[in-house]
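*Asks:* Just so you know, we're using our numbering here: the sequence shown kicks off at 32 and counts up by one.
Note that beta-carbon positions come from the ideal geometry of N, C-alpha and C, so glycine has one too.
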Amino acid sequence: MKSINQSKLTLKKIYKKNGFVIIKNFINTETVNKIKKEILVKIKKKNKFFYYEKTLKGLKIRRIEKISNFSKKSKSLIQSRNILNIIGYLEGKKHTLFKDKLNFKYPGGKGYLPHIDGHFLWKDQKGKYQKGWKKYSNNFVNLVLPLEKTDKTNGCIYVSKKNDTKKVGKNFNQIAKNLILNNSYIEKKDLSKFKFYPIELEVGDICLFNWKCAHMSKNNNSNRSRMIFYSTYYKNNKYKDVRAKYYRDKLLSKNTKAQKSLLAN
Ligand SMILES: O=C(O)CCC(=O)C(=O)O
Ligand SMILES: [Fe+2]
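In structure tokens:
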């Protein structure tokens, strides 16, 4: 028990310092394999929550939005006590699921330009500008949970330390202002301020990173696919049904379709 507590403390120290941490062997691999199998069967039929991309090998699925609505097993994994507890422990405050998706990256699938999640402006139903995710909470944590091994060759995520972000801004307004308007890409002139670390994960491992950490990923140039759960948790506050509100707002927002997707293509 002592050693478990000590290693948890080490994880917390790393997380506090860098804003991100990899936790090895955190999830039961059989659970993940079962979910993967189930999803691979489900995606054979098209659905409006599936997004596709063109690759040299034809049209391939790129992501499933709201994966936890669509797969009960995914929902119980993404919202498991284990995951919520470790996030609460690392941040020192309770967090709850905000949004969730499954990002595929088949061979030839595209990467994501360097960006900082949630730091953009969007127009609400009335055409009024709103502050990205800040409208919903003042802190968020992202989870990367691979359904298959992810490394540099198949386009793993790269994350930079949260202190790098301070070089472009100290708070939401400053950061958002210095990113490309209406989305959250880092300007070319600022890229040298960030050092990106590859997040190589086996099935069973997870990575958690704070929303202030910039991140990116490259194209998948291998012949292995790369499926990951990519979900976000918000720091609890007085608001209720935050996840539902976020998705409703996104649907009704006056942004263009490209801006709505929040994707770096
Ligand atoms: O799947 C990836 O490689 C990155 C995804 C990402 O950063 C995002 O969806 O915000
Ligand atoms: Fe992102």
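What span of residues does the beta strand (DSSP E) with K162 cover, start to end?
*Replies:* To locate residue 162, count along the sequence shown from 1; it is residue 131. Run containing K162: 160-162, per the beta strand (DSSP E) assignment.
*Asks:* Rank K76, T196, K165, I98 by C-alpha distance to the C-alpha of I66 and give the top, closest one.
*Replies:* By one-based count along the sequence shown, residue 66 stands at place 35. Among K76, T196, K165, I98, the Cα nearest to that of I66 is on I98.
*Asks:* For Y137 and K91, which I take to be in contact (beta-carbon distance under 8 Å), what is that distance rounded to the nearest angstrom?
*Replies:* The count along the sequence shown starts at 1 and reaches residue 137 at position 106. The count along the sequence shown starts at 1 and reaches residue 91 at position 60. Yes, they are in contact, since the Cβ atoms of Y137 and K91 sit about 4 Å apart, within 8 Å.
*Asks:* Is the Cβ-Cβ distance between K132 and F260 less than 9 Å?
*Replies:* Here the question's residue 132 lines up with position 101 in the sequence shown. Here the question's residue 260 lines up with position 229 in the sequence shown. In contact: K132 and F260 (Cβ atoms closer than 9 Å).
*Asks:* Just the C-alpha distance for I117 and S191, rounded to the nearest angstrom, thanks.
*Replies:* Looking up residue 117 in the sequence shown gives position 86. Looking up residue 191 in the sequence shown gives position 160. I117 and S191: Cα-Cα distance of roughly 21 Å.
*Asks:* Output needed for K124: all residues of its chain with C-beta closer than 6 Å, excluding positions within five of it in sequence on either side, in chain order.
*Replies:* Taking the first residue of the sequence shown as 1, we reach residue 124 at position 93. Excluding positions up to five away in sequence, the list reads K266.
*Asks:* Go through its chain and collect everything with a Cβ distance to E84's Cβ below 7 Å, but skip five positions before and after it.
*Replies:* Position 53 of the sequence shown, counted from the start, is the residue given in the question as residue 84. Hits under 7 Å: K91, R93, G140, K141.
*Asks:* Could you compute how far the alpha carbon of K159 sits from the alpha carbon of L282?
*Replies:* Working through the sequence shown from its first residue, we reach residue 159 at position 128. Working through the sequence shown from its first residue, we reach residue 282 at position 251. Their backbone Cα atoms lie some 15 Å apart in a straight line.
*Asks:* Which residues, in chain order, sit with a beta-carbon under 6 Å away from any heavy atom of ligand 2?
*Replies:* Ordered along the chain, the selected set is H146, D148, H246.
*Asks:* From the DSSP output, which residues share a beta bridge with F260?
*Replies:* Here residue 260 is taken as the residue at index 229 of the sequence shown, counted from 1. According to DSSP, F260 bridges with L133, L176.
*Asks:* Under 9 Å, do I237 and I58 count as touching if we go by C-beta distance?
*Replies:* Along the sequence shown, one-based indexing puts residue 237 at 206. Along the sequence shown, one-based indexing puts residue 58 at 27. Closer than 9 Å, so yes.
*Asks:* Taking K104 as part of the alpha helix (DSSP H), name the residues at either end of that continuous run.
*Replies:* As a working mapping, residue 104 is identified with position 73 in the sequence shown. Run containing K104: 103-109, per the alpha helix (DSSP H) assignment.
*Asks:* Are the region 181-196 and the region 215-234 touching by the rule of at least three beta carbon pairs closer than 8 Å?
*Replies:* Taking 8 Å as the limit for Cβ pairs, the verdict is that the region 215-234 does touch the region 181-196.
*Asks:* For ligand 1, I want to know if S262 counts as a neighbour, meaning its beta carbon is within less than 8 Å of at least one of the ligand's heavy atoms.
*Replies:* As a working mapping, residue 262 is identified with position 231 in the sequence shown. No, ligand 1 has no heavy atom inside 8 Å of this Cβ.
*Asks:* Can you say whether K193 is buried or exposed, counting buried as having 16 or more other CB atoms within 10 angstroms of its CB?
*Replies:* Here residue 193 refers to the residue found at position 162 when the sequence shown is read from its first residue. By the neighbour-count rule (16 or more Cβ atoms within 10 Å), K193 is buried.
*Asks:* Checking the sheet assignment: what are the DSSP bridge partners for I95?
*Replies:* Taking the sequence shown and counting its residues from 1, the one referred to as residue 95 is at position 64. Note: I95 sits in a beta bridge opposite F81, L133.
*Asks:* DSSP three-state label for N296, please.
*Replies:* In the sequence shown, residue 296 corresponds to position 265, counting from 1. At N296 the pLDDT is 35, less than 50, meaning the model places this residue with poor confidence and gives no usable figure here.
*Asks:* For F227, which of helix, strand or coil comes out of DSSP?
*Replies:* The count along the sequence shown starts at 1 and reaches residue 227 at position 196. DSSP places F227 in strand when its eight states are reduced to three.
*Asks:* Would you say the beta carbon of Y120 comes nearer than 8 Å to a heavy atom of ligand 1?
*Replies:* What you label residue 120 is simply residue 89 of the sequence shown in a count that begins at 1. Not under cutoff, so the answer is no.
*Asks:* Quick check: what's the CA-CA separation for N64 versus K269?
*Replies:* In the sequence shown, the residue the question calls residue 64 occupies position 33. In the sequence shown, the residue the question calls residue 269 occupies position 238. Approximately 37 Å, taken between the alpha carbons.
*Asks:* Regarding Y277 and ligand 1, is the C-beta to nearest heavy atom distance less than 8 Å?
*Replies:* Taking the sequence shown and counting its residues from 1, one reaches residue 277 at position 246. The answer is no for Y277.
*Asks:* Is S248 near ligand 1, judged by its Cβ being under 8 Å from some heavy atom?
*Replies:* The residue given as residue 248 occupies position 217 in the sequence shown. At least one heavy atom of ligand 1 is nearer than 8 Å to the Cβ of S248, so yes.
*Asks:* For a test of the three-state rule: what should DSSP assign to L42, helix, strand or coil?
*Replies:* The residue you call residue 42 lines up with position 11 of the sequence shown. L42: helix per DSSP, three-state reduction.
*Asks:* Going by DSSP in three states, N286 sits in which element: helix, strand or coil?
*Replies:* Residue 286 sits at position 255 when you count from the first residue of the sequence shown. The answer is coil: DSSP assigns N286 none of H, G, I, E or B.
*Asks:* Which residues does DSSP pair with T86 in a beta bridge?
*Replies:* Here residue 86 refers to the residue found at position 55 when the sequence shown is read from its first residue. BP columns for T86 point to G89.
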